[in-house]
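Engineer: Residue numbers (our numbering): 1 to 330. Backbone N, C-alpha and C fix where the C-beta goes; we use that ideal spot for every residue, glycine too. The structure presented is a predicted model; accordingly, all values stated were derived computationally and were not measured. Before we start, here is the structure in question, set down as structure tokens.
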Amino acid sequence: MPNTTKTSTDSYGGIVYVPLAWFKRNLGAMIALVLMCILLSVTTDSFLVSTNILSTLRNVCVNCLIAFGITCVLICGGIDLSVGSVAAAAGVTAVQLANRGLPVVLCVAVALALGVAVGLVNGLVVANTDLPPFIITLSTQITVRGVSYILTGGQPSQCVNENFNMLGSGSLLGLPIPVLIVVGAMVILFFVMNRTCFGRHVYAVGGNRESARYAGVNVKWVQVRVFMISGLMAALAGVVLAARLYSGQPNVGEGFERDAIAASVLGGTSMGGGVGTLGGTVIGVLIIGVLNNGMNLLRIDTYWQYVVKGVVILGAVYMDYLKRVRASKK
């Protein structure tokens, strides 16, 4: 039975999922989300319209999947800037295979394998060198983006496979299929991060790498696997996005890593590692999604939208910094 009154730690130092502690940590983000929804419902006529709500849910699904992977990497003490490029490459790959008449399941599997392979490369280099993950994944970002342009000649690949397109635009039981994919991914990752030894090791490595190593944790293997998870989630997001756009576009995904990192930090994930939950990340994703939707409904100029999102990201990182400073003084 989980402790519902205070946060506890296991023998490796990982944070155990505690409902009340999670609620307290994310209370500010939840209040901000509710206030944003109230403000937009008052200032616009279309925010609470069912079509707008469903459209917003579809739009946030891509960022949510990417943010899940980013959250795992951040908890482990790393960072992954290659996710946007991986999403683009996976989408392009899946569409080109689908247009050749291959089964949708096989198209998706190959695209996901591509994401895992990129994550494997990132993880191996991070785990076996002293180079910062920032530099490594930035290099991967540029390389994978270039490969996407080479595969397509810089042109979008229109998808003519209707079965594939259903992954992004279809519905099941009245819910958009992308939403169901996000729910499924969250359930699986929640189990992995909170109910397995690997999940506890991820928190342990992010909290104190040397202590985790002395406790017998294979730190390098943990790092490799979290980057593989990040690559997998980015590829899945790319497949969903390509299906929603009816095309594989080599230029999509630019800036996805910024929104995903912002959502993770807004949801309580620490940039310093060792702290974070997928539930909090969902709240952060919804904040970013509602913010984007609200600015579009209010017809705020695109350039000013960049300014607003930049301020939000800076604020989220600064709040995380303050939390870590307070924690270090205890």
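Quick check: the Cα distance between Ser55 and Gly310, rounded to an integer number of angstroms?
Structural biologist: Taking the sequence shown and counting its residues from 1, the one referred to as residue 55 is at position 55. Taking the sequence shown and counting its residues from 1, the one referred to as residue 310 is at position 310. Rounded to the nearest angstrom, the two C-alpha atoms are 24 Å apart.
Engineer: Could you tell me the alpha carbon to alpha carbon distance between Ala117 and Arg200, rounded to whole angstroms?
Structural biologist: Translated into positions along the sequence shown, residue 117 becomes position 117. Translated into positions along the sequence shown, residue 200 becomes position 200. Spanning the two alpha carbons is a distance of roughly 24 Å.
Engineer: Since Tyr214 is in the alpha helix (DSSP H), which residue starts that stretch and which ends it?
Structural biologist: Residue numbering aside, residue 214 sits at position 214 when the sequence shown is read from its first letter. It spans 209-214 - the alpha helix (DSSP H) in which Tyr214 sits, taken as one unbroken run.
Engineer: What's the call for Ile188, buried or exposed, on a 16-neighbour Cβ count within 10 Å?
Structural biologist: Counting from 1 along the sequence shown, the entry for residue 188 is found at position 188. Ile188 comes out exposed.
Engineer: From the DSSP output, in three-state form, read off Val16 for me.
Structural biologist: Working through the sequence shown from its first residue, we reach residue 16 at position 16. Low confidence applies to Val16: its pLDDT is 43, below 50, so where it sits in the model is not reliable, and the reading given next is rough at best. Coil, per DSSP.
Engineer: For my contact list, Leu291 and Met30 are in at a C-beta cut-off of 8 Å; report their separation, rounded to the angstrom.
Structural biologist: The count along the sequence shown starts at 1 and reaches residue 291 at position 291. The count along the sequence shown starts at 1 and reaches residue 30 at position 30. Rounded, the Cβ-Cβ distance is 15 Å, inconsistent with contact.
Engineer: Do Ala87 and Ala406 come within 8 Å of each other at the CB atom, strictly closer than that value?
Structural biologist: The structure shown does not extend to residue 406, since the chain spans only 1 to 330, so no value can be given for it.
Engineer: Which of the three DSSP states, helix, strand or coil, is assigned to Gln249?
Structural biologist: Position 249 of the sequence shown, counting from 1, holds the residue named residue 249. Note: Gln249 maps to coil in three-state DSSP.
Engineer: Mind checking which residues open and close the alpha helix (DSSP H) that includes Arg58?
Structural biologist: Here residue 58 refers to the residue found at position 58 when the sequence shown is read from its first residue. Where Arg58 is concerned, the enclosing alpha helix (DSSP H) stretches over 50-75.
Engineer: Quick check: the Cα distance between Phe47 and Ala212, rounded to an integer number of angstroms?
Structural biologist: Translated into the one-based positions of the sequence shown, residue 47 becomes position 47. Translated into the one-based positions of the sequence shown, residue 212 becomes position 212. Distance between the alpha carbons of Phe47 and Ala212: 47 Å.
Engineer: Which parts of the segment 242-297 are runs of the alpha helix (DSSP H), unbroken and 4 residues or longer, counting only runs that do not cross its ends?
Structural biologist: Correct list: 256-266, 278-297.
Engineer: Name the two residues that bound the continuous alpha helix (DSSP H) containing Leu97.
Structural biologist: As a first step, residue 97 must be located in the sequence shown, where it is residue number 97. Element bounds for Leu97: 83-99.
Engineer: Would you call the segment 226-240 and the segment 89-108 touching, i.e. three or more CB-CB distances under 8 Å?
Structural biologist: Touching, yes, given that three or more Cβ pairs across the two stretches are closer than 8 Å.
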